Amino acid sequence: MDFYDLMCKSTEDVGMQFSREQYEKFIDFMKLLQEWNEKINLTAIVEDEEIVKKHFIDSIKAFKADEVKKAKNMIDVGTGAGFPGIPISIMQENLEVTLLDSLNKRINFLNTVINKLGLSNVKTIHSRAEDGARDSKLREKFDIATSRAVANMSVLSELCLPYAKVGGNFIALKGPSVEQEINESLNAIKVLGGELVNICEINIEDTELRHNLVTVRKIKECPKNYPRKAGLITKNPIK
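In this text, residue positions in the sequence shown follow our numbering: the first is 0, and each later residue adds one.
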């Protein structure tokens with residue numbers, strides 16, 4: 000199965016259509032990722048097939064959550080090389096996507112991708128997650144806050160839930176085993192104004208990979224003392 004057919008199959012699985020024009024943008028994105036990765040460390044995944052499956056398709060699976068399809072705006076917190084934000088923006092051109100990252104060199108890469116691919120619905124913000132969440136222009140302003148960052152749910156919830164508006168959602172793209180991690184984060188989610196809605200297992204086509212999409216609804220405002228400083232968030236997660 001070639002990459003186009005594989006991506007068609009994966010987008011069909013999430014109830015969306017996939018065009019040749021979108022495919023070309025993904026291929027251009029892949030080339031830029033590989034080119035820049037030789038200069039700065041963006042990803043350990045560098046082979047074409049691995050990028051398609053583990054970055055592109057994995058990101059597209061966020062559309063398994065209907066909340067993502069319905070959203071008008073979204074922030075990708077700690078986006079890194081642009082996942083899942085850029086694939087989502089390619090698939091949903093009327094969705095306003097904000098990519099937030101703390102490293103300026105990654106922001107430079109993302110701005111290059113945005114310009115080369117003509118992604119007029121995407122903008123970048125150079126900030127630490129906990130700092131951006133205290134900015135009144137960003138705090139509780141988004142239908143969706145998402146992250147594929149490697150951190151436990153208590154930490155991610157503290158970094159991401161403050162960005163979601165009341166009635167919006169925090170969508171976490173997690174690995175294969177999440178039950179214990181979720182159970183340990185339930186109080187943190189509650190403290191931060193959230194409520195666990197769904198855990199959806201997702202399959203990556205043509206692989207044995209099994210990931211989970213975790214949806215947390217924002218049901219009330221996040222207390223003003225959250226998020227805390229970075230050191231406290233990671234060393235002493237809310238229990």
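Every residue, glycine too, gets a C-beta built ideally from N, C-alpha and C. Keep in mind that this is a model prediction, so the values were computed, not measured.
Over what stretch of residues does the alpha helix (DSSP H) that includes residue i continue unbroken?
| i | result |
| --- | --- |
| C7 | F2 to D12 |
| F108 | N103 to L116 |
| A163 | Element bounds for A163: not the alpha helix (DSSP H) but the beta strand (DSSP E), A163 to K173. |
Residues in its own chain within less than 7 Å of residue i by CB, not counting five upstream and five downstream?
| i | result |
| --- | --- |
| S248 | Only positions 0 to 238 of the chain appear in the structure, and residue 248 is not among them; the question remains open. |
| V112 | F28, L31, G81 and I85 |
| N114 | none |
| D47 | M29 |
| T233 | V154 |
How many whole angstroms separate the CB atoms of residue i and residue j, which I take to be in contact at a CB cut-off of 8 Å?
| i | j | result |
| --- | --- | --- |
| E139 | A171 | Actually they are not in contact, since the Cβ atoms of E139 and A171 sit about 18 Å apart, beyond 8 Å. |
| I181 | L191 | Not confirmed; about 14 Å, so no contact. |
| E204 | K71 | Wrong, their Cβ atoms sit about 29 Å apart, outside the cutoff. |
Taking the alpha-carbon positions, what's the residue i to residue j distance?
| i | j | result |
| --- | --- | --- |
| N110 | T123 | 7 Å |
| G79 | N40 | 10 Å |
| N103 | R209 | 32 Å |
| F2 | Q21 | 12 Å |
| M6 | V13 | 11 Å |
Could you tell me the boundaries of the beta strand (DSSP E) in which residue i lies?
| i | result |
| --- | --- |
| S146 | F141 to S146 |
| N40 | First-last for N40: undefined, no H or E at that position. |
| I198 | G193 to N202 |
Can you list, in chain order, the residues of its chain with a C-beta nearer than 6 Å to that of residue i? Leave out the 5 residues immediately preceding and following it.
| i | result |
| --- | --- |
| F169 | A144, C159, L160, A163 and V215 |
| F55 | F25 and P86 |
Once the 5 residues before and after residue i are set aside, which same chain residues still bring their CB inside 8 Å of it?
| i | result |
| --- | --- |
| K69 | D142 |
| I44 | I50, K53 and H54 |
Taking residue i as the reference, give the member of the options with the closest Cα.
| i | options | result |
| --- | --- | --- |
| E207 | D47, M6, E92 and P175 | P175 |
| D75 | D65, S88, K63 and A64 | S88 |
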